[in-house]
Each structure stands twice: as structure tokens, then as C-alpha cells.
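Presented below is the structure to which this report refers.
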Amino acid sequence: MFRYVRNFTSFALATFIAATPAMAESQSNDRLAELGRGIYQEAAAQTAIADLLEALHTQFERLIEAGQQIGAIRSDLLLALLTDMAFAAAREPDRWFALNTQNLDPQSTLALNHRVFSMFTAMLAPSEGGGESAKVSEPSKD
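Read in order, the letters of the sequence shown are residues -24 to -1, 1 to 118 in mature numbering (1 follows the signal peptide of the UniProt record, and there is no 0).
Structure representation (C-alpha cells):
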């Protein structure tokens, strides 16, 4: 899917398009939405999905690294730091939407989702003049 991506906007759009069917399905399926709320409301549920979250985090890191390799994602922060920040920034809106959107109309939810996505993409976009010289080397693992 990312083979033809050449800039951050198209990278972010491709990522968003890949996630959109799942988001649309969860908004139209009350049982799935209730499951999503339960995951955030119960500590036992968080424990139960810890392995899944770890696997998602690993895939998220690979996605960010791939984006950096094509210049679509900023590279002025350590990969581990950027991944942790971005993963937290992605999870919090997921939690908020799961717990709060049942009282919002679909249009408001979609508009809010787009604004959150814009904020997220701005956070990951390469900085002005932040090309190769801004790359941070990973700490040694000695």
C-alpha cells in the first residue's frame, strides 16, 4: 500500500484509509462499540489485551520507520521516543471516542475525528528544513 507514497500527506492518508473501514464498522455496530468501551472501563480488559497492544506498538514502530525512510515522517527524534509518543497520541483519542461518542451525532463524530487526525499528522510531519541533518542517531546498546 505504501509503495507509491512520496510525502507525509499521502503517507498519512494511506494510513487513514487503511484504518477507516474498521472505524466505520465500529460506529455502525453497537455491540462492537460497547466492547470498545468495556476495554477502556475495566482494568482486567486492559490486562487481557496487553499482548495485543505490544504487537500493535511493534507494528506502529515499523510503520513510523517506513515513513521515515521515505521522508514522510519526521526523523529528528529517536525512533523509540517518537513511537511511544505517537502510540499514546493514537490511543487516547481511541479511548475518548469509545467512551464519549455515543451521545454525538455521526456528522459531529466524523468532523471531530478529522480534526484529531489532522493534529496527529501535524505531530508526525517532517519539520521544515528537517532533512537528513536533523536525524538523531539511536543510542548505542552497549
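C-beta atoms are modelled at their ideal positions from N, C-alpha and C, and glycine is treated no differently.
Check: Rounded to whole angstroms, how far is the Cβ of residue 145 from the Cβ of residue 36, which I believe are closer than 8 Å?
Finding: Since the first residue shown for the chain is -24 and the last is 118, residue 145 is missing from the structure and cannot be characterised.
Taking 8 Å as the threshold (C-beta atoms), are residue 50 and residue 101 in contact?
Yes, the Cβ-Cβ distance between residue 101 and residue 50 is below 8 Å.
If you drop the 5 nearest sequence neighbours on each side, which residues of the same chain put their C-beta closer than 6 Å to that of residue 15?
In the same chain as residue 15, and ignoring 5 residues on each side of it, the C-beta atoms closer than 6 Å to its own belong to 21, in chain order.
*asked:* For the ligand HEM, I want to know if residue 60 counts as a neighbour, meaning its beta carbon is within less than 7 Å of at least one of the ligand's heavy atoms.
replied: This structure lacks the ligand HEM; in fact it carries no ligand of any kind.
>> My output table needs one value for residue 60: the three-state DSSP class, helix, strand or coil.
In response: The answer is helix: DSSP assigns residue 60 an H, G or I state.
Fill in: Range of the contiguous alpha helix (DSSP H) that encloses residue 15
Following the DSSP letters along the chain, one finds residue 15 inside the alpha helix (DSSP H) bounded by residues 6 to 17.
- Can you give, in chain order, each stretch of the alpha helix (DSSP H) that sits fully within the region 21 to 95 and has at least 4 residues? Secondary structure in the region 21 to 95: the alpha helix (DSSP H) runs of 4 residues or longer, each lying completely within the stretch, are 26 to 45, 55 to 76 in chain order.
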